[in-house]
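Have a look at the structure below before the remarks.
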Amino acid sequence: MTLLDLVDVGKSYGAVQALSHVSVSIAPGEIVGLMGDNGAGKSTLVKIIAGVFRPSEGMVRFADKEVHFNHPIDARNVGIEVVHQDLALADNLTASANIFLGREMHRHLGPFRFLDHRGMERRSAEIFRELKSETRPTEIVRRMSGGQRQAVAIARTRLADARLILMDEPTAAISVRQIAEVLALIGRLRDSGIAVILISHRMPDVFDICDRVIVMRRGRVVANKPIAKTTPQEVTGLITGAVETA
Amino acid sequence: MSDFANITRVPWHSRGFLASQTAYVSLALLLLIVIVSLVAPVFLTFGNLSNVLTDFSYVAIVSLGSTIVIITGGIDLSVGSSMGLSAIITALLFQVLGASPLAAIPGAVMACSIIGGLCVGGFIGLCNGLLIARVGLTPFVTTLGMLSIVRGLCYAITGGQGVNIGGADSELFFRLTDGTLFGLPVPLIYVVLLGILMAIILHHTSRGRYVFAIGGNERAAELTGVPVTNIKTGVYVISGLSAAFAGILLAGWLGSVPANLADGYELRIIAASVIGGANLLGGVGGPLGAIVGAALIEVIRNGLVLAHVNTYWQDTFVGAIIIAAVFVDRLRSRRLGH
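Chains as they are written, first to last, in numbering that gives the first Met the number 0: chain A, 0 to 245; chain B, 0 to 337.
Laid out in structure tokens, this is it:
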């Protein structure tokens, strides 16, 4: 079964053709690296998959059904989660509050629903233990390091039980110890049948964890091949244009 | 296994409530009460304290509502005018309904008049909320315009004359708005009840948490499925309702509603919220802060009166306290490393 299918997707903003003729398939449990220089179209592609934009041309299919996302909520509802580059966290709330934002746990007292603070903190602590992260659920996000904030953002996708996770530069702002742990976590996602699309400019990370790499340049896909069949040199060439396609 | 080898807990006085602006201002309030009591011992008499507690209640109640708006990163400048128009409409309804068949049912005239007044405040809030949350206008300009519109209506409707409250149910109304319960002025009891309600809603319900999330990172809140537009509209309705409620209480205390009731109150109300710890950038604030901020301003005003200082100096002192409060807040944040 194909999890995600992009068929001839294009996106234009006025005179700018941000994407053209993008056709890509992702299977469950695949980890795909998405690489390309600034302006290549990576972010636009991910935003279309995540439901932020509608494509100007072409079609998106998820779990073999055509989908039309009008809002990120629609994408989330079918199981697509995003970990944004800026992590989209509310700095003034605790880690636990951020993880459960929009999906709070409640206790019922008569006709009223109250927040189940302890339940949420306990579950958050569980997830952080799984992620092997040094993060306290009750700590305010403003006071956290980049690595801890990344852990909170990833913890949120763990809670959502996603089928496809889109990660925008997940290892760009975290500590060395945690890069290995985030990559290990992404590997464990694969074992649960979750597919991951990773936007990354870090070649070692992509070659470490990805099954396949897609390279984009000027809005088009110039390569879509298993990692085993390519090299960092070839990928670099594809990104810069020294190598046309592969 | 996780280890926190180089991370210790921040000392007790530098974290949580004790490190917050509200704690500092509460301390300042206690100090101020001590100073004023020493300078003018009459401050602590039952009569004077009753006055202080009554006077501060009107500002405190509206501050509760305005703090919620400020937490979302917005502001409501129209609250003073809303207080006025709600009070005027309530008084007019008393007159109109008092002369109607409704007067035969005890309490009906009062109930309808109060509901009418509250609806006015709620409706003003709804207009603000829709313009700000749905159309996307900036809160400052929108509520500034509403301030003028509503105050203008106050004068237009009354023709500049005061509106008396009398006739059917008026005695009951005065007891509910200007009476005492267990020796405490009734407005104060409303402050405490509404403060507790607000604390429960803000800290223990998902909607309350969404208010903070919108103030902290509106885009993140939107992406995670928080109903941002609804909540932003709702907080202005709450602000309008709190202004209406306070305006009606004030009308009960005055007995007659002048067209300029609560004129200029919006500055004291917002000052109370900000002094109490609500950050105008959003994401921070609470009911305790609103109440302490309002109390601080009122104690200063009362202290100045008891010390026979010219009343014209009151505004100058209150303004100085506002600047001092945000200055202290800045020093406090710097010290904590923000």
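Note that beta-carbon positions come from the ideal geometry of N, C-alpha and C, so glycine has one too.
Predicted model only: the values in this text are computed from it and were never measured.
If you count every other CB in all the chains shown that lies within 10 Å of the CB of residue i, and 16 or more means buried, which is it?
i        : result
A/GLN232 : exposed
A/THR239 : exposed
A/LYS247 : For residue 247 of chain A there is no data in the structure shown, the boundaries of chain A being 0 and 245.
B/VAL38  : exposed
A/ARG187 : exposed
B/GLY79  : buried
A/ASP160 : exposed
A/VAL15  : exposed
A/HIS107 : exposed
A/MET247 : Here chain A has residues from 0 to 245 only, and residue 247 of chain A is not among them.
A/LYS10  : buried
B/ALA167 : buried
B/MET0   : Residue placement at B/MET0 is flagged as unreliable, the pLDDT there being 41, under the threshold of 50; the coordinate-derived value follows with that caveat. With fewer than 16 other Cβ atoms within 10 Å, it is exposed.
B/GLY115 : buried
Less than 8 Å separating the beta-carbons of residue i and residue j?
i        : j        : result
B/GLY246 : B/LEU260 : yes
B/VAL210 : B/THR66  : no
B/MET197 : B/PRO257 : no
B/VAL61  : B/ALA306 : no
B/SER205 : A/GLU138 : no
A/ASP90  : B/GLY215 : yes
B/SER56  : B/PRO186 : yes
B/GLY83  : B/ASP314 : no
B/VAL24  : B/LEU295 : yes
B/GLN20  : B/GLY281 : no
A/GLY50  : A/ALA87  : no
A/SER123 : A/ILE98  : yes
B/GLY224 : A/GLY101 : yes
B/ILE74  : B/LEU266 : no
B/TYR316 : B/ILE299 : Checking the sequence shown, residue 316 of chain B turns out to be Phe, not Tyr. Yes, they are a contact pair.
A/LEU163 : A/LEU2   : yes
A/SER55  : A/GLY218 : no
B/ASN301 : B/VAL41  : no
A/ALA182 : A/ASP204 : In the sequence as displayed, the identity of residue 182 of chain A is Leu instead of Ala. For A/LEU182 and A/ASP204, yes; Cβs fall inside 8 Å.
B/ALA271 : B/ALA59  : yes
B/GLY64  : B/ILE195 : no
B/ILE321 : B/ILE274 : yes
Can you give me the start and stop residues for the alpha helix (DSSP H) that residue i sits inside?
i        : result
A/ASP247 : No statement about residue 247 of chain A is possible, as the shown extent of chain A runs from 0 to 245 and does not include it.
A/PRO203 : 202 to 208
A/ASP160 : Looking at the DSSP string, A/ASP160 is not in any alpha helix (DSSP H), and its letter there is neither H nor E.
B/SER272 : 264 to 274
A/VAL66  : That residue, A/VAL66, is in no alpha helix (DSSP H); its beta strand (DSSP E) goes 64 to 66.
B/VAL298 : 286 to 305
A/ASN97  : 94 to 98
B/ALA258 : It is not in any alpha helix (DSSP H) - B/ALA258 carries neither H nor E in the DSSP assignment.
A/MET143 : Unbroken run through A/MET143: none, as it is neither H nor E.
B/ALA212 : 205 to 215
A/ASP90  : Careful: A/ASP90 lies outside any alpha helix (DSSP H) and carries neither H nor E.
A/GLY40  : A/GLY40 -> no alpha helix (DSSP H), and no H or E assigned at all.
B/TYR311 : Segment: none, B/TYR311 is in no alpha helix (DSSP H) and carries neither H nor E.
Over the uninterrupted beta strand (DSSP E) stretch that includes residue i, give me the two end residues.
i        : result
B/GLY73  : From DSSP, B/GLY73 is part of no beta strand (DSSP E); its letter is neither H nor E.
A/MET58  : 56 to 61
A/MET248 : Residue 248 of chain A falls outside the range modelled here, since chain A spans only 0 to 245, and no answer is possible.
B/VAL236 : Looking at the DSSP string, B/VAL236 is not in any beta strand (DSSP E); the run it does join, the alpha helix (DSSP H), is 227 to 253.
A/ILE193 : Premise fails: A/ILE193 is in no beta strand (DSSP E) and is neither H nor E.
A/ARG106 : 105 to 108
In three-state DSSP terms, what is residue i?
i        : result
A/PHE113 : strand
B/GLN160 : coil
B/THR338 : The displayed coordinates of chain B run from 0 to 337. Any statement about residue 338 of chain B would go beyond what the structure contains.
A/ARG219 : strand
A/ILE79  : strand
B/MET0   : The pLDDT assigned to B/MET0 is 41, lower than 50, so where the model puts this residue is not dependable, and the model offers no usable value.
B/MET109 : helix
A/PRO231 : helix
A/LEU18  : strand
A/LYS46  : helix
B/ASP168 : coil
B/ARG133 : helix
A/ARG53  : coil
B/PRO184 : strand
A/ARG247 : The requested residue 247 of chain A does not occur in the structure, where chain A is confined to residues 0 to 245.
Report yes if the C-beta of residue i is less than 7 Å from at least one heavy atom of the ligand SAH; otherwise report no.
i        : result
B/PRO226 : Absent from the structure shown: the ligand SAH. Ligands present: none.
Please report whether the beta-carbon of residue i lies at a distance below 8 Å from any beta-carbon of chain D.
i       : result
A/ASP90 : Included in the structure are the protein chains A and B, with no chain D among them.
Does the segment 19 to 35 of chain B touch the segment 157 to 171 of chain B, meaning 3 or more C-beta pairs lie closer than 8 Å? The segment 157 to 171 of chain B, when compared against the segment 19 to 35 of chain B, does not touch it at the 8 Å Cβ threshold.
Cβ pair count under 8 Å reaching 3, the segment 116 to 127 of chain A against the segment 55 to 67 of chain A: no
If we count Cβ pairs, one from each stretch, closer than 8 Å, do we get three or more for the segment 142 to 159 of chain A versus the segment 170 to 178 of chain A? Using a Cβ-Cβ distance cut-off of 8 Å, the segment 142 to 159 of chain A and the segment 170 to 178 of chain A are in contact, since at least three pairs of beta carbons, one from each stretch, lie closer than that value.
Contact the segment 188 to 208 of chain A vs the segment 26 to 35 of chain A: 3+ CB pairs below 8 Å: yes
Segment contact flag, the segment 96 to 112 of chain B with the segment 176 to 194 of chain B, C-beta cutoff 8 Å, min 3 pairs: no
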